[in-house]
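Peer 1:
Protein chains in written order, with this note's numbering: chain S, 19 to 415; chain P, 19 to 415.
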């Protein structure tokens with residue numbers, strides 16, 4: 019292990035995406051993540067395709083570098099083992115429907131009694147409290163209920179889901195940040211606490227700008243294709259052979275004359291309708307056809323060269339294969355290989371965190387189910403071979 | 019101030035969105051954020067509409083609770099003041115084009131010499147190193163180059179930008195997390211370090227699943243409307259009067275028969291083509307018309323009631339006004355009011371972080387430009403009235 023979080027131990031009861039993304043982010047930075055899984059079936063993400071030699075690529079990507087301990091939390095001896103591990107942990111993470119841990123007799127109050135320094139983080143669809151608390155939620159549910167699907171898509175068109183699991187992932191990132199903040203506070207107080215992250219709340223936090231605009235104007239934000247709601251031009255344009263993104267914001271308004279000259283429309287430079295970014299946004303209906311027509315006249319590469327020479331921020335609209343082959347992505351080592359006993363070396367996305375003195379490293383495989391049960395029970399709890407065998411026979415691990 | 023990060027002081031040189039979102043997240047949790055702005059013009063986000071009584075709602079939302087200090091970093095005495103503040107800071111945050119701080123004589127090496135405990139975090143479009151490092155980037159540029167626009171939209175349709183500034187915000191969240199990890203490490207080593215976050219890298223990290231699928235199958239991920247690439251049904255459906263999202267994942271496959279009966283298609287229950295979630299995804303072309311046709315037969319409310327009774331995760335597709343008025347959002351206090359001297363009390367989105375012992379609180383306004391210059395120089399650096407006046411006359415603050 020390497021990275022800034024060396025020495026931090028996380029007992030991770032979470033499954034599928036929001037929790038595992040959170041513990042991946044922390045594990046990538048050097049935390050020891052002990053993934054506590056149900057015996058026999060484990061994290062259901064192990065069964066999610068596509069598969070490489072029968073191994074879930076979904077699971078491999080999210081669980082690299084973690085340890086796997088099987089534990090039956092409904093079994094009295096499983097509970098006992100769990101509570102002994104809690105005494106030696108810094109963080110417990112779970113993403114069950116609220117109430118699940120209480121029904122197991124393992125809610126925060128019980129865990130805190132074992133270890134007052136414990137940071138207990140729960141991620142759920144709607145939070146631990148409130149009228150929807152007990153409802154199950156999945157990514158697309160909170161993306162739908164949280165509003166982002168209503169502002170994603172073509173103007174006047176049907177709702178579109180952004181092409182990533184923002185419901186889970188943004189909650190996972192807020193949870194990781196909140197856990198680290200609670201650990202920071204623990205340095206002063208010596209005490210842990212409970213962190214309660216709602217996926218729906220995180221959707222709202224992600225969209226602070228849409229809400230700010232709505233509260234300021236009373237107008238309900240609408241889908242805008244590739245446009246930015248405030249700045250113009252700040253969008254994708256179709257070119258002769260593909261798409262290009264161009265972005266000008268307020269403080270770069272001095273680039274507007276250059277852009278006008280690049281598209282052979284110097285007549286627009288002094289047009290008062292289009293003087294500032296906000297003017298251009300207000301007059302978008304008049305401006306858009308002019309720009310779209312102009313941008314279709316050259317290829318993406320021609321535009322990239324020409325606009326870059328004028329220091330106008332621009333870039334291609336890349337597909338995933340192009341991103342994976344990109345020079346900058348290669349330089350930053352954003353794609354790395356981790357070993358896997360059956361799937362072979364598997365390419366996964368690296369952490370984006372770069373640090374000068376304790377750089378994070380992604381280099382270990384995902385665990386087989388229960389791969390580290392023995393090691394964890396022996397090294398952390400000092401159990402002997404016989405006791406471990408017995409726990410296995412009883413169905414506790 | 020309140021929250022887990024009380025006592026952490028951030029000198030925030032960043033502007034517009036990625037950096038300010040990062041420092042907002044940390045400030046909401048109790049860190050003292052001193053926003054260092056250019057004299058006269060300040061953060062250019064102050065000029066971004068829409069406006070409330072002439073005040074930028076964009077700026078108000080992102081900068082609540084921060085202090086504003088004007089400082090001319092190109093002025094020798096401005097630099098000197100900055101370095102004295104660095105001695106008393108835990109974190110410096112900036113999101114300039116790489117090289118800007120070096121050209122000011124204020125790069126990490128210089129700052130570290132002043133304060134070896136300093137965590138220096140830089141957010142940039144492409145990172146501090148690599149072939150694109152010097153390119154300016156804005157949100158839509160990295161959303162385009164990072165691939166998410168290519169997987170967002172209707173199948174076969176043009177690229178769509180997800181309706182939030184994911185390029186900036188996800189980078190801001192990773193930066194906040196990395197800063198806290200570096201502070202955690204500092205508790206052990208007594209030393210700070212440099213954190214280098216690239217917006218493009220963060221886009222890749224956000225899409226680990228799209229890359230995992232691409233590496234596993236060689237198929238380039240495509241836009242899927244509202245669908246999930248792995249699970250089915252997991253999408254929005256048009257109803258008689260709107261849209262509803264329904265989500266079934268692998269482990270809930272026992273809900274498939276219930277769903278089939280809810281839509282009056284019990285014949286599908288034993289259809290081997292649609293047995294598992296992954297089967298259904300593979301046979302989506304055959305299944306989709308059947309489901310879409312069925313879902314159009316009832317209203318959103320009718321479906322919500324019926325499917326919820328069967329414990330099938332579902333929810334409405336809400337517009338932003340509906341989210342703002344939602345009962346759960348109200349219960350979670352996700353919309354709060356902050357005071358503003360001219361715009362009046364303004365509604366902003368709360369932090370989604372809930373903690374049991376040191377709960378974060380969002381309650382203070384955004385600062386006027388330079389509002390806290392006097393206070394910071396006096397309280398932190400012990401400057402007298404006369405010296406502060408002189409700095410003002412010389413154009414250093």
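Just so you know, even glycine gets a beta-carbon here, dropped at the ideal spot from N, CA and C.
1) So does the stretch 72-88 of chain S actually touch the stretch 223-243 of chain P, counting three or more Cβ pairs closer than 8 Å?
2) The alpha helix (DSSP H) that contains residue 167 of chain P, what's its start and end?
3) Could you give the C-beta distance for residue 146 of chain P and residue 221 of chain P, rounded to a whole number, given that I count them as a contact under 8 Å?
4) Find the residues of chain P that neighbour residue 231 of chain S, judging by a C-beta separation of less than 7 Å, and give them in chain order.
5) If I measure Cβ to Cβ from residue 312 of chain S and keep anything under 8 Å in the same chain, skipping five residues before and after, which residues do I get?
6) For a contact defined as C-beta to C-beta under 8 Å, what are the partners of residue 79 of chain P on chain S?
7) According to DSSP, which residues form a beta bridge with residue 212 of chain P?
8) State yes or no: is the beta carbon of residue 274 of chain S nearer than 9 Å to at least one beta carbon in chain P?
9) In chain P, which residues lie less than 9 Å from residue 253 of chain S when you measure between Cβ atoms?
10) Can you list the residues of chain P that residue 339 of chain S reaches, using a CB-CB cut of under 7 Å?
11) Which residues bound the alpha helix (DSSP H) around residue 126 of chain P?
12) What separation, rounded to the nearest whole angstrom, lies between the Cα atoms of residue 135 of chain S and residue 106 of chain S?
13) Please state if the CB of residue 272 of chain S and the CB of residue 46 of chain S are separated by a distance shorter than 9 Å.
14) Within its chain, find whatever has a CB closer than 6 Å to the CB of residue 278 of chain S; leave out the 5 residues flanking it on each side and keep chain order.
15) For the stretch 354-381 of chain P, list every residue whose C-beta sits within 8 Å of some C-beta in chain S, in sequence order.
16) Is residue 255 of chain S helix, strand or coil by DSSP?
17) Whole angstroms is fine: what's the gap from residue 27 of chain P's alpha carbon to residue 43 of chain S's?
18) I'd like the span of the beta strand (DSSP E) that includes residue 86 of chain S, first residue to last.
19) Residues in the same chain with beta-carbon distance under 6 Å from residue 24 of chain P, minus the five sequence neighbours each way, listed in chain order, please.
20) Hey, out of S:341, S:164, S:85, whose CA is closest to residue 340 of chain P's CA?
21) With 16 other CB atoms within 10 Å as the buried threshold, where does residue 336 of chain S fall?
22) Check the Cβ of residue 166 of chain S against every Cβ in chain P and list those closer than 8 Å, keeping chain order.
23) Report back the beta-carbon spacing between residue 125 of chain P and residue 157 of chain P to the nearest angstrom; my notes put them in contact at under 8 Å.
24) Quick one: residues in its chain with C-beta nearer than 7 Å to the C-beta of residue 1 of chain S, no 5 flanking neighbours on either side, listed in chain order?
25) If you reduce the DSSP assignment to three classes, tell me which class residue 79 of chain P lands in.
26) For residue 20 of chain S, which option in S:410, S:307, S:405, S:373 has the closest C-alpha, if you only look at C-alpha atoms?
27) If you scan the stretch 344-387 of chain P from start to end, which runs of the alpha helix (DSSP H) of 4 or more residues do you find wholly inside it?
28) Note down the Cα distance separating residue 366 of chain P from residue 406 of chain S, rounded to an integer number of angstroms.
29) Return the CA-CA distance between residue 99 of chain S and residue 114 of chain S, expressed in angstroms with no decimal places.
30) What does residue 147 of chain S touch in chain P if you count any residue whose Cβ is under 8 Å from its own?
31) Using 9 Å as the limit for Cβ to Cβ distance, is residue 216 of chain S near chain P?
32) What does residue 332 of chain P pair with, by DSSP beta-bridge criteria?
33) Output the boundary residues of the beta strand (DSSP E) element that contains residue 109 of chain S.
34) Grab me the residues of residue 357 of chain S's own chain with a C-beta within less than 7 Å of its C-beta, minus the 5 sequence neighbours each way, in chain order.
35) In its own chain, which residues sit with a C-beta less than 6 Å from the C-beta of residue 88 of chain S, not counting the 5 before and 5 after it?
36) Is it true that the CB of residue 346 of chain P sits closer than 9 Å to the CB of residue 328 of chain S?
Peer 2: In this structure, then:
1) Taking 8 Å as the limit for Cβ pairs, the verdict is that the stretch 223-243 of chain P does touch the stretch 72-88 of chain S.
2) For residue 167 of chain P, there is no enclosing alpha helix (DSSP H), as DSSP gives it neither H nor E.
3) At roughly 17 Å, the Cβ-Cβ gap does not stay under 8 Å, so residue 146 of chain P and residue 221 of chain P are not in contact.
4) Simply 68, 75.
5) Spatial neighbours of residue 312 of chain S in its own chain (CB-CB distance under 8 Å, excluding positions within 5 residues in sequence) are listed in chain order as 281, 282, 283.
6) Chain S residues near residue 79 of chain P: 226, 227, 229, 230.
7) When beta bridges are read from the DSSP output, residue 212 of chain P appears opposite P:138.
8) Proximity of residue 274 of chain S to chain P, defined by a Cβ-Cβ separation below 9 Å, is not satisfied.
9) Chain P residues near residue 253 of chain S: 158, 179.
10) Those within 7 Å of residue 339 of chain S in chain P are 232, 238.
11) Counting along the chain, the alpha helix (DSSP H) containing residue 126 of chain P begins and ends at 126-132.
12) Looking at the backbone, the Cα of residue 135 of chain S and that of residue 106 of chain S are separated by about 10 Å.
13) No, these two residues do not count as a Cβ contact at 9 Å.
14) Cβ contact annotation for residue 278 of chain S (same chain, cutoff 6 Å, sequence separation greater than five): 284, 286, 287, in chain order.
15) Per Cβ criterion, the list reads 364, 365, 366, 367, 368, 369, 370, 371, 372, 373, 374, 375, 376.
16) Reduced to three states, the DSSP call for residue 255 of chain S is strand.
17) If I take the Cα positions, the gap works out to 24 Å.
18) In the DSSP assignment, residue 86 of chain S falls within the unbroken beta strand (DSSP E) covering 85-88.
19) For residue 24 of chain P, where only same-chain residues beyond five positions count, the Cβ hits under 6 Å are 48.
20) In terms of Cα proximity to residue 340 of chain P, the closest of S:341, S:164, S:85 is S:164.
21) Residue 336 of chain S is buried by the Cβ-count criterion.
22) Those within 8 Å of residue 166 of chain S in chain P are 180, 181, 182.
23) That belief does not hold up - the Cβ atoms of residue 125 of chain P and residue 157 of chain P are roughly 25 Å apart, past 8 Å.
24) Here chain S has residues from 19 to 415 only, and residue 1 of chain S is not among them.
25) In the structure shown, residue 79 of chain P sits in a helix (DSSP, three-state: H, G or I).
26) Scanning S:410, S:307, S:405, S:373 for the CA closest to the CA of residue 20 of chain S turns up S:373.
27) Along the stretch 344-387 of chain P, the alpha helix (DSSP H) occurs as fully enclosed runs of 4 or more residues at 345-349, listed in sequence order.
28) C-alpha separation (whole angstroms): 53 Å.
29) The straight-line gap from Cα to Cα measures roughly 20 Å.
30) The contacting residues are 349, 350.
31) Interface residue, yes.
32) Under DSSP, residue 332 of chain P forms a beta bridge with P:264.
33) Counting along the chain, the beta strand (DSSP E) containing residue 109 of chain S begins and ends at 109-112.
34) So the qualifying residues of the chain are 363, 383.
35) Excluding positions up to five away in sequence, the list reads 55, 57, 388, 391, 415.
36) Against a cut-off of 9 Å, the Cβ pair of residue 346 of chain P and residue 328 of chain S comes out as no contact.
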